[in-house]
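A quick write-up on the structure given underneath.
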Amino acid sequence: MNAQQIDQQTLLKDEKDPLTHTPVHLLSLENVGKHYGNIIALRDVTMAVDNGRVTCVLGDNGAGKSTLIKIIAGLHQHDEGTLHVMGDARKFSSPREALDAGIATVYQDLAVVPLMPIWRNFFLGSELTSGFGPFKSMDVQKMKDITKKELADMGIDLRDVEQPIGQLSGGERQCVAIARAVYFGAKVLILDEPTAALGVKQSGVVLRYILQARDRGLGVIFITHNPHHAFPVGDRFLLLKRGKSIGYYDKKDITLDELTAQMAGGAELAELAHELEQLGGHSDALEEVKAEVAGVADAAPESPSKKH
Ligand SMILES: Nc1ncnc2c1ncn2[C@@H]1O[C@H](COP(=O)(O)OP(=O)(O)OP(=O)(O)O)[C@@H](O)[C@H]1O
Ligand SMILES: [Mg+2]
Numbered sequence: 001m002n003a004q005q006i007d008q009q010t011l012l013k014d015e016k017d018p019l020t021h022t023p024v025h026l027l028s029l030e031n032v033g034k035h036y037g038n039i040i041a042l043r044d045v046t047m048a049v050d051n052g053r054v055t056c057v058l059g060d061n062g063a064g065k066s067t068l069i070k071i072i073a074g075l076h077q078h079d080e081g082t083l084h085v086m087g088d089a090r091k092f093s094s095p096r097e098a099l100d101a102g103i104a105t106v107y108q109d110l111a112v113v114p115l116m117p118i119w120r121n122f123f124l125g126s127e128l129t130s131g132f133g134p135f136k137s138m139d140v141q142k143m144k145d146i147t148k149k150e151l152a153d154m155g156i157d158l159r160d161v162e163q164p165i166g167q168l169s170g171g172e173r174q175c176v177a178i179a180r181a182v183y184f185g186a187k188v189l190i191l192d193e194p195t196a197a198l199g200v201k202q203s204g205v206v207l208r209y210i211l212q213a214r215d216r217g218l219g220v221i222f223i224t225h226n227p228h229h230a231f232p233v234g235d236r237f238l239l240l241k242r243g244k245s246i247g248y249y250d251k252k253d254i255t256l257d258e259l260t261a262q263m264a265g266g267a268e269l270a271e272l273a274h275e276l277e278q279l280g281g282h283s284d285a286l287e288e289v290k291a292e293v294a295g296v297a298d299a300a301p302e303s304p305s306k307k308h
């Protein structure tokens with residue numbers, strides 16, 4: 001099977017949001033570009049995010065993944081193209097503005113206070129209070145109850161919300177951050193490489209909560225460089241390389257092998273094999289790379305083509 005790219009020309013006009021059945025996407029980017037001085041970090045990127053769908057952004061180091069999400073999250077501004085949020089063209093000047101528009105971002109190095117209990121971290125900056133004026137106080141019991149309930153609703157089974165969050169594993173902390181974003185009403189949830197530092201089992205746990213967030217109707221943007229993590233949970237895949245889109249696929253139009261082949265880049269692997277050979281020897285590593293080149297050649301999808 002040859003992978004058929006989503007046609008970027010018709011994407012934003014004809015495709016319908018699966019929940020609202022209108023052509024208005026929760027969030028969409030059209031030909032977005034960004035440069036830092038004379039470094040072009042991002043160029044001509046087009047993608048859409050919908051309710052109840054997971055859009056994966058894949059790419060190697062320096063591909064522009066973080067730049068892309070920083071634009072959506074309000075940390076940086078694009079200098080080309082347009083960003084639409086629910087039909088309105090937006091250019092956020094702060095993360096607060098993006099958050100107010102319903103866009104929540106979970107960064108890999110989560111901003112948590114390790115020694116504070118889970119429930120305090122859950123409500124950090126948005127504490128519940130009861131009473132008025134001088135009698136105002138934190139509603140501790142209510143915050144604990146809500147934290148417990150929200151985590152349980154997401155299927156997160158934590159022993160005790162009094163536990164310092166620093167005692168949780170990286171995966172569990174990611175899950176708490178996802179549950180928090182869901183509770184505070186995020187419409188778009190951005191996850192920047194949530195599985196990068198995790199082992200196989202913990203990655204699986206985080207992937208499960210990505211699906212939970214999707215099932216609650218959020219539009220999820222999942223950044224990763226691992227096609228094996230992206231493929232099982234993703235509905236759409238945007239592949240970035242050196243700041244440019246090298247493909248944008250719907251799940252039904254691409255297989256895991258093809259996605260992996262696209263990510264690996266057949267030509268670059270062949271070059272690596274050649275280099276290793278030059279360096280002398282027929283090591284196991286060389287044989288491995290050669291086998292991979294063969295695999296990539298077999299699975300390589302058709303080169304990107306645009307319909308008009
Ligand atoms: N603040 C900045 N100033 C100058 N150049 C930058 C800045 N941020 C990113 N870049 C450059 O833009 C390009 C894209 O970087 P970006 O961080 O978006 O990549 P990435 O895909 O997130 O990579 P990684 O997987 O390593 O996190 C890189 O060449 C990077 O050096
Ligand atoms: Mg990055």
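Here the UniProt record's numbering is used: the first residue of the sequence shown is 1, the next is one more, and so on. Using N, Cα and C, we set each Cβ at its ideal position, and we do this for glycine too.
Reference residue i; option with closest CA among the options
| i | options | result |
| --- | --- | --- |
| Ala41 | Asp79, Ser28, Gly52, Val49 | Asp79 |
| Gly52 | Gly219, His25, Gly37 | Gly219 |
| Ile190 | Val45, His274, Val161, Val54 | Val54 |
| Tyr107 | Pro232, Glu97, Leu75, Ser245 | Leu75 |
| Ala177 | Ala213, Asn226, Leu198, Arg90 | Ala213 |
| Thr105 | Leu68, Val45, Leu239 | Leu68 |
| Tyr209 | Arg236, Gly185, Arg180 | Arg180 |
| Ile223 | Gly265, Arg120, Leu128, Asp60 | Asp60 |
| Glu97 | Thr82, Pro114, Gln77, Leu168 | Gln77 |
| Gly87 | Cys175, Glu288, Phe237, Val24 | Val24 |
| Leu158 | Met143, Ala197, Ser130, Ile118 | Ile118 |
| Pro114 | Gly102, Glu162, Val85 | Glu162 |
| Ser126 | Ile146, Leu240, Asp257, Thr255 | Ile146 |
| Ile246 | Gly265, Gln141, His229 | Gly265 |
| Asp153 | Ala89, Gln202, Val182, Ala73 | Val182 |
| Glu30 | Val233, Leu168, Ile71, Gly62 | Ile71 |
| Gly171 | Asp160, Ile156, Phe132, Thr46 | Ile156 |
| Lys252 | Arg242, Met263, Phe237 | Phe237 |
| Gly199 | Phe184, His228, Gly280 | His228 |
| Ser169 | Thr195, Leu58, Lys187 | Thr195 |
| Lys144 | Leu124, Val57, Phe132, Phe135 | Leu124 |
| Pro232 | Ile254, Leu239, Arg242 | Ile254 |
| Gln202 | His274, Lys244, Cys175 | Cys175 |
Proximity test, residue i beta-carbon vs ligand 1 heavy atom, cut-off 7 Å
| i | result |
| --- | --- |
| Ile39 | yes |
| Tyr36 | yes |
| His225 | yes |
| Gly265 | no |
| Gly59 | yes |
| residue 397 | This structure gives no information on residue 397, because the portion of the chain shown stretches from 1 to 308. |
| Gly125 | no |
| Gly81 | no |
| Gly62 | yes |
DSSP three-state assignment for residue i, whether helix, strand or coil
| i | result |
| --- | --- |
| Glu287 | helix |
| Glu127 | coil |
| Arg195 | Checking the sequence shown, residue 195 turns out to be Thr, not Arg. Residue state, collapsed to three classes: coil. |
| Phe135 | helix |
| Tyr209 | helix |
| Lys187 | coil |
| Leu151 | helix |
| Leu99 | helix |
| His84 | strand |
| Glu30 | strand |
| Ile71 | helix |
| His25 | coil |
| Ala300 | With a pLDDT of only 48 at Ala300, under 50, the local geometry of the prediction cannot be trusted, and no value is derived from it. |
| Gly62 | coil |
| Gln122 | The identity of residue 122 in the sequence shown is Phe, whereas the question assumes Gln. DSSP places Phe122 in helix when its eight states are reduced to three. |
| Gly227 | Rather than Gly, the amino acid found at residue 227 in this sequence is Pro. Looking at Pro227 - three-state DSSP - the assignment turns out to be helix. |
| Gly170 | helix |
| Leu19 | Confidence at Leu19 is low in this model, with a pLDDT of 49, below 50, so its placement is unreliable and no value can be given for it. |
| Asp160 | coil |
| Ser305 | Because Ser305 sits at a pLDDT of 41, beneath the cut-off of 50, its placement in the model cannot be relied upon, and the following sentence gives the value as read from the coordinates. Reduced to three states, the DSSP call for Ser305 is coil. |
| Gly219 | strand |
| Pro117 | strand |
| Arg43 | strand |
| Arg180 | helix |
| Arg53 | coil |
Residue i Cβ short of 7 Å to ligand 2 heavy atom set
| i | result |
| --- | --- |
| Lys65 | yes |
Residue i: CB within 7 Å of a non-hydrogen atom of ligand 4
| i | result |
| --- | --- |
| Glu275 | Within the structure as shown, ligand 4 is missing, the only ligands being ligand 1 and ligand 2. |
- Please list the segments of the beta strand (DSSP E) lying wholly inside the segment 234 to 280, counting only runs of 3 or more residues, in order along the chain. 236 to 241, 244 to 250
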